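Okay, so here's the structure we're looking at.
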Amino acid sequence: MTYLTTFDGPVTAVNTLNQTYLPGLRARLVDATTTDTIATLLSPGRRRINFMNAHCFNVMARDRQYAAAVKSANLLLPDGIGVALAAKMTGQALKENLNGTDFIPALLEQAAKNGKSVYLFGGTPGTADTAAQNLIHKIPGLQIAGTRDGYAEAQNEAEVIADINASGADIVLVALGVPMQELWLHRNAPYLDADLTMGVGAALDFFAGNVVRAPAWVRKAKSEWVWRLAMEPRRLAKRYLEGNFSFLARAAKQSMATWTPASVAKRLLDITVALCALVLLSPILLLTALAIKTESKGPALFTQTRVGKDGRPFTMIKFRSMVSDAEALRSSVLEQSDRDGICFKSKSDPRITRVGRFIRRTSIDELPQILNVLRGQMSIVGPRPALPCEVEVYPQRALGRLAVKPGITGVWQVSGRADVSFDQMVEMDLAYASSRSVLLDVILICMTFRAVISGRGAH
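Take the sequence shown: its position 64, counted from the start at 1, is 64 in the UniProt record's numbering, and no numbers get skipped.
In structure tokens:
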């Protein structure tokens with residue numbers, strides 16, 4: 001699991017430090033899939049969890065008590081398109097939108113399999129009871145330890161705590177709304193016996209059927225906020241229209257504060273070169289795709305997970321130069337590697353097709369990575385993008401390669417590619433990371449043409 005954070009201290013990433021600049025955030029914002037996050041939340045240990053959407057960040061900006069409550073939580077789950085867009089402003093794409101309405105049923109389903117019980121606290125009178133009935137009907141084996149509304153039954157906090165503890169609940173879902181639920185948990189979670197406590201907003205209203213969920217196609221288009229605004233325009237207009245704009249404006253301002261003239265110049269160079277290459281090389285791109293499809297079955301493009309800047313995984317695009325089931329056959333050819341060290345390369349790799357050998361020698365197979373550059377996942381110039389399995393066994397010094405975006409070309413690429421050992425490649429990349437500049441990038445781009453023509457180390 002990867003964590004995004006803005007405070008100094010160790011965080012879990014792909015063996016390296018990972019940072020984001022979401023406005024005002026100091027606690028940990030989880031960047032992981034639903035499955036991985038649930039596994040973490042249900043593992044041994046006590047945790048207090050909050051969901052964070054744009055509205056939550058706006059409340060943080062004006063409410064110090066709420067901000068303190070959020071910052072003291074163990075983990076924060078990203079909820080909504082606003083948080084995803086704010087993360088993208090820093091060049092980071094969150095793996096999933098962990099909104100409560102989808103996440104909590106998945107969490108409770110796994111909790112039921114693990115024999116854990118849940119207490120529902122909050123909502124109007126009757127809402128928690130109806131939500132409990134619906135959840136039991138939907139999730140076989142789910143144990144509801146107890147329910148309590150968020151009105152008359154919530155007035156005496158000592159009584160609420162005693163009732164929850166007497167129920168023996170392993171999980172407590174508190175639905176008092178923002179900021180009340182976070183403040184309640186900040187005060188009282190230490191006195192609860194449950195291992196997992198969560199502020200869940202309007203989730204119980206959805207589970208009880210009090211609020212109609214947007215159709216699946218609306219949710220898939222990441223426009224559920226538009227649906228909710230249409231359903232409750234008076235209550236939500238200010239939050240969604242003015243609030244979202246305010247949040248994204250602050251996120252953009254904070255992101256821009258981290259820019260430097262050098263980083264702006266490099267990004268402009270990347271975009272300019274990538275757009276020009278895409279236009280000028282489009283005939284070659286088309287012919288290559290046709291040649292690949294003609295020779296062998298399978299898609300012309302090949303996608304693969306690689307590790308980018310700060311250890312963040314991304315999907316790299318290349319022309320397919322191997323048979324379509326090459327990944328499944330990789331383990332059977334590892335011993336044929338021509339290079340010492342971690343990275344696998346073999347001139348006689350039997351998985352490579354005839355067209356593949358040509359496009360590898362001429363580096364045409366790398367051209368679709370232009371799209372990765374335009375997406376901001378790669379640069380024109382940078383270290384070779386590493387495979388996750390390679391990064392897992394990196395020595396400490398090699399992790400320095402991940403301090404900059406990977407590139408289509410770079411020092412290693414123009415210095416012999418596969419003829420260069422892993423240790424030499426690491427030293428080249430570290431030297432580039434410490435002395436990179438626009439002028440150096442331009443020089444390396446020019447040297448790339450010579451490397452492509454010579455074909456040295458390309459296989």
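Quick reminder that beta carbons are idealized off the backbone N, C-alpha and C, glycines included. Note that the coordinates shown come from a computational prediction; the quantities given were computed from them, not determined experimentally.
From Leu149 to Phe206, what does the alpha carbon distance come to, in whole angstroms?
Contrary to the premise, residue 149 reads as Asp rather than Leu in this sequence. Their Cα atoms are separated by approximately 15 Å.
With DSSP as the reference, identify every bridge partner of Gly146, one or two as the case may be.
Tyr119
Alpha carbon to alpha carbon, what distance is there between Trp225 and Ala39?
28 Å
Cα-Cα separation, Thr197 to Phe121
11 Å
Roughly how many whole angstroms lie between the Cα atoms of Met231 and Ala162?
38 Å
I'd like to know whether the C-beta atoms of Thr305 and Pro313 end up nearer to each other than 7 Å.
yes
DSSP state of Asp429 mapped onto helix, strand, coil
helix
Let me check understanding here. Comparing Cα to Cα, which of Val381, Asp102 and Ser246 lies closest to Lys309?
Val381
Beta carbon of Asp79, beta carbon of Asn53: below 7 Å?
yes
Could I get the ranges of all uninterrupted beta strand (DSSP E) runs contained in the stretch 162-217, with 3 residues as the minimum, in chain order?
171-175 and 196-199
How is the alpha helix (DSSP H) around Ala129 delimited, first residue to last?
One point to set straight first is that residue 129 is Asp, not Ala, in the sequence displayed. That run of the alpha helix (DSSP H) goes Thr127 to Lys138.
C-alpha distance - Thr315 paired with Asp31, whole-angstrom precision
16 Å
Only counting the same chain, and skipping five residues up and downstream in sequence, which positions put a Cβ closer than 8 Å to that of Ile49?
Leu41, Ala73, Asn74, Leu75, Leu76, Leu77, Leu196, Thr197, Met198 and Gly199
Check this for me: beta carbons of Lys297 and Ser324, under 7 Å apart or not?
yes
Leu241 and Ala69: beta carbons closer than 7 Å?
no
Please classify Pro23: is it buried, with 16 or more other beta-carbons within 10 angstroms of its beta-carbon, or exposed?
Bear in mind that the predicted position of Pro23 carries a pLDDT of just 41, short of 50, making it too unreliable to give a figure here.
Let me know the secondary structure DSSP gives Leu440 once reduced to three states.
helix
According to DSSP, simplified to helix, strand and coil, what is Gln304?
strand
What are the partner residues of Asn50, as DSSP defines its beta bridges?
Leu76 and Gly199
Hey, out of Ala216, Leu185 and Gln181, whose CA is closest to Ala202's CA?
Gln181
Euclidean distance between Cα positions of Arg450 and Leu430
23 Å
Look at the alpha carbon of Gly209 and the alpha carbon of Ala131, and state the distance between them as a whole number of angstroms.
8 Å
Beta bridge counterpart(s) of Lys318 as assigned by DSSP:
Phe302
Go through its chain and collect everything with a Cβ distance to Pro368's Cβ below 8 Å, but skip five positions before and after it.
Leu285, Leu301, Ile317, Lys318 and Phe319
Below 7 Å CB to CB, which residues in the same chain sit around Val108 once its five sequence neighbours on both sides are set aside?
Inspection of the sequence shows that residue 108 is occupied by Leu rather than by Val. Same-chain partners within the cutoff: Val118, Leu135, Ile139 and Leu142.
Report the CB separation of Gly100 from Phe51 in whole angstroms; it is logged as a contact under 8 Å.
5 Å
Can you give the Cα-Cα distance for Ala252 and Met89, rounded to whole angstroms?
7 Å
Can you tell me whether Ser379 is helix, strand or coil according to DSSP?
strand
Taking the straight line between their C-alpha atoms, what separation do you get for Leu98 and Gln133?
24 Å
Residue environment, Val178, which counts as buried when at least 16 other CB atoms sit within 10 Å
buried
Start and end residues, beta strand (DSSP E) containing Ile408:
Gly407 to Thr409
State the DSSP-derived secondary structure class of Leu29, mapped to helix, strand or coil.
strand
Report the residue from Val442, Phe247 and Gly407 whose alpha carbon sits nearest the alpha carbon of Ala61.
Phe247
Identity of the residue in Gly376, Arg47, Asp423 and Ala87 nearest Ile271 by Cα
Gly376
Below 6 Å, is the gap between the Cβ of Ile164 and the nearest heavy atom of the ligand GTP?
Absence of the ligand GTP is noted for the structure shown, with no ligands found whatsoever.
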